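In terms of the working numbering, the sequence shown opens at residue 259 and continues consecutively.
From the three backbone atoms N, C-alpha and C, an ideal C-beta is built for every residue, glycine too.
These figures come from a predicted structure and were not determined experimentally.
Heads up: the structure comes next, in structure tokens.
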Amino acid sequence: MALISSTEALDLELSEKSSSLVITKNQQVSTASELGKDTKPGEVTLVVVKYIKEVPISTKHSLVPTKRLIGYTQSHTHGTYTNSAIRRTFLDSQIQWISNPVISKWRDPRHRIHDLLNEVSELHEKWTHASTPKRPFSPAADPLWLEPGRLLAQAGLPWYNNQLSMPNELDTSFPYHFKSFEQKLIREKGTRVGDPDACGYFCDSIEANCYGIRALQQELRKDYPTLQPVVLYDSFNEKDLLSAKVFFGLQLHRIDLQDELEDIRRRLAAVLTTAAGVRPVIFAATLASSGGYYDDLNVICRLSQIFPLMLHVDASRNFDYITTLSHKRRKQLGVQKLTLSARKISQPLQLRDGSIAASTISAGGVFHVESSPVIVLKPTSLGGETIRVEYIQASDSSLAGSRDALTPLWMAIQEMRFGAAGFRDIYKHCASLRNSLVQILRKKIPNLVVLTPPYSLDVIFKHCSQEQIDSLTLLGGISACDGEIVLSMQPSVTEADLASVVDVFSRTANAQTSRIEVAENDATEKFSKMYPIPASISGELSRTVDTWKILTRSAAGYPVNMSFPSALGPVIGHFLDVDIPADWIKEKSKEIFTERMKSFGLEPGHMSSFKGAFTTGSTMGNRMGIHVALLRLPGAHVYFSSETHYSVKKTMRDCDDLTNRWIKPARKARYSQIPCDEMGRILPGALVKQALLDRDACQRRDEEYYIILVANSGTTFVGASDDLKDISSALKKVGLEISHIHVDGALNFGFGNFGAALGPPGKTTNGVPCVQGVSFSHHKAMGSMVSGEVLCYCPGEELSSLEWSIDPRSIFETWLYSQAFTKTDKANILKYCLENASRLESGLKRLGISTKRNPDSITVVLERIPSWIIEEFSLRPEGDWVHFITMPHVSPETVDLFVDRISWVQRQCLITFSYVQPMIEAVIQQTVTISRLRCQGSMAEKIAELSKTAIPLVSQIGYTSSLTSAVVASGIRSSLSVVILDQDTGVEAVLLIETFRQTAIRIGPLLIKSIHADRSTMIGTIARQLAGFLARHMNIGLQLNSMSYMPFAI
């Protein structure tokens, strides 16, 4: 008998012929001596019994023998031991775990995490078991579309990822994305509509439609600056448009395209005609609504000849279908060809080749469900100007900011796999399925009203009973409106699935069910063999993930937790190709929000007045939270600090109602950005001053005045939290009160509530105002997929009207995290992070590095350091500062490594300075001090001021003083420029040096005190030696340009 230690894993190579494995379950042991002195009473022991030919084993509790088994002693108090695939994956993944005080305990087989794994295993088995009812008409459940999920899991995904900003905006210090795949995908989709250079990004269908409409709104602001646009629609999803209306301050107007054209023209003229001119139109057209309907593009073209009109097309459910149809088939169906075009509004909507010029398109089709990912396309030249954000090294032009990277990767794999030809074959098969179904239904049940829209592969059944709707919903149908249900043909639909549909209607019509013959009854296997996933993709993904595992350890600039996916990512990978049931998602969502509200101290009596929603992250959470408050308080003024996340200001700029763009006479916008103190906290006095000005202006106009405050719990860059008690007190002193407080806790609230308490307006807790809204990100403190939550005070249905569908995987991962980490676990992880932040702060202070850190913050802000260190640790710069965030995956050893990197640079500089100090003293005939020029402090300001009057000592073509200013700014921020001072700290000379992320320096101008002008050549020679020593000792590249070593007198 062999005993397996509770702290060791044992690999057992089982002989298939002679060995069997027996595990005792829940067996009580009376004395430790019976098993050995190291075994505790009550433990269950794994026993290997050799040479037993046959052992009866219960299938319910048995461990299925495999050639490789990792066994553990398991306490009977922690459930039964199961050797599921998920458990094996979890144990095998220990080779990649990034440990912290909580995750390291998971190696103990008696830890409760193993009970959770049992529950997760049961869910996986239940959801994938052959007896589980399938939804053959749901694209979310079709095996052909789900196949890439297995590939992603085999490659080691999910690991932490974020498709931050636009696909063509790349930051070398943040490689955790698949933008190269997304760019290829955009090119392919764009090419199908005539624009291979189209720009856009992947997101869910509602965001895609909102982004497309916003782009047209921005374009019309340039062409029609004095006329407010109107969004016209007919069959378009009204919920999508309601989000666009609220977010962008747009006016909606519905028409019926089936009416007589003259009637439409007359009614529109009354809406669009003003004294200033005819208002422009954004027509939001759909080619396959959730209910299966489509808009008549021919009528829209005729309207464009009467009114100024730009077209947005929602093809999120059918783009791949309609853009891969053959010319002949398109003609037969009457399907219009689309062209993505930056047409001028005065040009015809129908182009010379007969195609329709769409200015923006939501393009999807493989997964055409409500939460499905689609790509929004627009011409590169269309839309408003973007604003570059230094923090992300990109523009903040998308709506949601962060994006999950697996969905665009998934769709790119489908595109690379099938291409236009493959999609055409698949959809041709789906069309034959639809024809077979409709023919037999019309034959057997003549009175059944069945519609087959030409722009999609939907089948619309009208006048259905509730029993029929319920039955078809179980098969994956979508109940669109009263008495109607839609089935979407999927490639894996079989003869039996079609027969099930016929049976639903035959039961009530007393018709006999007939056999349905289809061309292919196992199309999934056929198409899988015809269009295999390219083998090269698997290798590329595996290599990418392996690289990420190395880089993750030193990624300290973004507030994201990379330890969670290192341990539970492989478990989540088992669910990538699983259709998670909607009823489970609904149940767990409710549980999550209930527990979240409790964690923020919301009293039971107030819970009915608060609602929660899953979001794509805090950017969207803030947008939704702010607009929920505005729906409740129309006309309110919004205030936020200068340190508030950059996306909040974007939310303000996007909304014409908040900017008061169409108010005449011109009026100030209804939002204000309030200055902060040096630690990033909003200044109550400055807020009071602005609020009084706004209140007085409202009183003069006889308008009501309300304050919406967007506060921070841990700002993005400096980790600052606004003092709600001080802010409220300062406002009350002048007779003002806050009507709604929304707190952005993107990072902090993933650890806990950080003192924030939810409650109705006016309520306080321990003297601190309760807040009416909170938002946070799942992908930050939690480290799960890019997503988030928002909780809002909304006694009405304000939030429900703006709530978007979210990837079910987000809810699954949020639930998994909530079960894996207790409140105590999260507190211990935060304590670990805070200890590492203190460790870093102390280390930097020992080196003389200027730092800033807010109380209870894991963000340490430090003065700029050489760019290659910023790159190595993925740090985020902002002005003269960078920050280092000690997230759970950042170990004490990583902190020490970072400090050592800076210390090493300092040592190399001191060695170099010791070489050249005697040389420079000999030239200028006095004792000097040589040091690095740091961007913080009075010396940097002094050098910047001296440079403004610098005079070239050598004539140089093309030199301008503005160029010197730019070079000086870069040199000061590099932290490697060299300053030579006399004994009274007067500046004798400065060699400006710029540092680069690619481990290189570029030498800039040489600033020399004017009295040394006649010795500039000798000083230049010394400067060349100094630069050479630095480059050699640090093993970095040395770059020169026309400004290098150029002498200037100061």
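task = Taking only the alpha-carbon atoms, compute the straight-line gap between Lys-846 and Val-1048 and give it to the nearest angstrom.
result = 16 Å
inquiry  = To test your reading of the DSSP string, which unbroken beta strand (DSSP E) runs of 3 or more residues are found completely within the stretch 873-940?
reply    = 895-899, 929-932
task = Could you have a look at Ile-513 and say whether DSSP puts it in helix, strand or coil?
result = coil
The stretch 443-463 / the stretch 658-677 touching (three or more Cβ pairs under 8 Å) = yes
request  = Specify, as a first and last residue, the run of the alpha helix (DSSP H) that Thr-449 falls within.
outcome  = 437-450
query = Does the count of Cβ pairs from the stretch 1009-1028 and the stretch 878-887 closer than 8 Å reach three?
reply = no
query = Where does Met-1301 fall in DSSP's three states?
reply = coil
query = Which ranges would you report for the beta strand (DSSP E) in the stretch 554-624 if only whole runs of at least 3 residues count?
reply = 567-573, 596-598, 614-616, 618-621
task = Throw me the rounded Cβ distance for the Ala-543 and Leu-555 pair, which I believe falls under 8 Å.
result = 7 Å
ask   = When the Cβ atoms of the stretch 1028-1047 are set against those of the stretch 388-395, are three or more pairs found closer than 8 Å?
value = no
request  = Measure from the alpha carbon of Glu-783 to the alpha carbon of each residue in Gly-827, Ile-684, Ser-796, then state which is nearest.
outcome  = Ile-684
query = With a CB to CB cut of under 7 Å and the five nearest residues on each side skipped, what residues in its chain are close to Ala-738?
reply = Ser-548, Gly-549, Gly-550, Val-744
For Thr-1022: DSSP bridge partner residues = Pro-1027
query = Hey, Lys-1311 and Cys-457 are a contact pair by Cβ (cut 8 Å); roughly how many whole angstroms apart?
reply = Lying outside 259 to 1308, the shown extent of the chain, residue 1311 is not represented and no answer is given.
message = I'd like the span of the alpha helix (DSSP H) that includes Glu-1055, first residue to last.
response = Glu-1055 -> no alpha helix (DSSP H), and no H or E assigned at all.
message = Tell me which residue opens and which closes the alpha helix (DSSP H) that Phe-224 is part of.
response = Because residue 224 is not part of the residues shown, which for the chain are 259 to 1308, the question remains open.
request  = Taking only runs that begin and end inside the stretch 785-871, name each unbroken beta strand (DSSP E) of 3 or more residues, in chain order.
outcome  = none
message = Beta-carbon within less than 7 Å of Ser-1228's beta-carbon, same chain only, minus the 5 sequence neighbours each way: which residues are those?
response = Glu-1252
Ile-850 vs Ser-899 beta-carbon contact at 7 Å = no
inquiry  = Helix, strand or coil for Glu-1179? Go by DSSP, reduced to three states.
reply    = helix
task = Could you tell me whether the Cβ atoms of Tyr-964 and Cys-956 are closer together than 7 Å?
result = no
message = For Val-992 and Gly-507, what's the separation of their Cα atoms in angstroms?
response = 32 Å
key: Burial state of Ile-1215, where buried means 16 or more other Cβ atoms lie within 10 Å   = With a pLDDT of 49 at Ile-1215, under the threshold of 50, the modelled position of that residue is not reliable, and the figure given next carries that caveat. Classification for Ile-1215: exposed.
For Thr-973, the nearest candidate out of Lys-947, Ala-546, Tyr-816 (CA to CA) = Tyr-816
inquiry  = Counting C-beta neighbours from all protein chains within 10 Å, is the total for Ile-1160 16 or more, i.e. buried, or is it exposed?
reply    = buried
query = Does DSSP classify Asn-970 as helix, strand or coil?
reply = strand
inquiry  = Please report whether the beta-carbon of Gly-1013 lies at a distance below 7 Å from any beta-carbon of chain C.
reply    = Absent from the structure is chain C; it holds one protein chain and no more.
ask   = Buried or exposed: which applies to Trp-403, given that a residue is buried once 16 or more other Cβ atoms fall within 10 Å of its Cβ?
value = buried
Beta-carbon contacts of Ser-263 that lie in its chain and below 6 Å, excluding the five residues immediately before and after = Bear in mind that a pLDDT of 33 at Ser-263, under 50, signals an unreliable position, so the model cannot answer this.
key: 6 Å CB neighbourhood of Arg-445 in its chain, flanking five on each side removed   = Pro-454
message = Does the structure place the stretch 406-415 close enough to the stretch 794-805 that three or more beta carbon pairs sit under 8 Å?
response = yes
ask   = Would DSSP call Cys-1167 helix, strand or coil?
value = helix
Under 7 Å between C-beta atoms of Thr-752 and Ala-678 = no
message = Assuming His-1291 is part of the alpha helix (DSSP H), what are its boundary residues?
response = 1274-1292
request  = Note down the Cα distance separating Pro-323 from Gly-407, rounded to an integer number of angstroms.
outcome  = In this prediction, Pro-323 scores a pLDDT of 32, lower than 50, which makes its location untrustworthy; the coordinate-derived value is nonetheless stated afterwards. Going by the C-alpha atoms only, they are around 27 Å apart.
message = So, with DSSP's three-state summary, where would you put Thr-638?
response = coil
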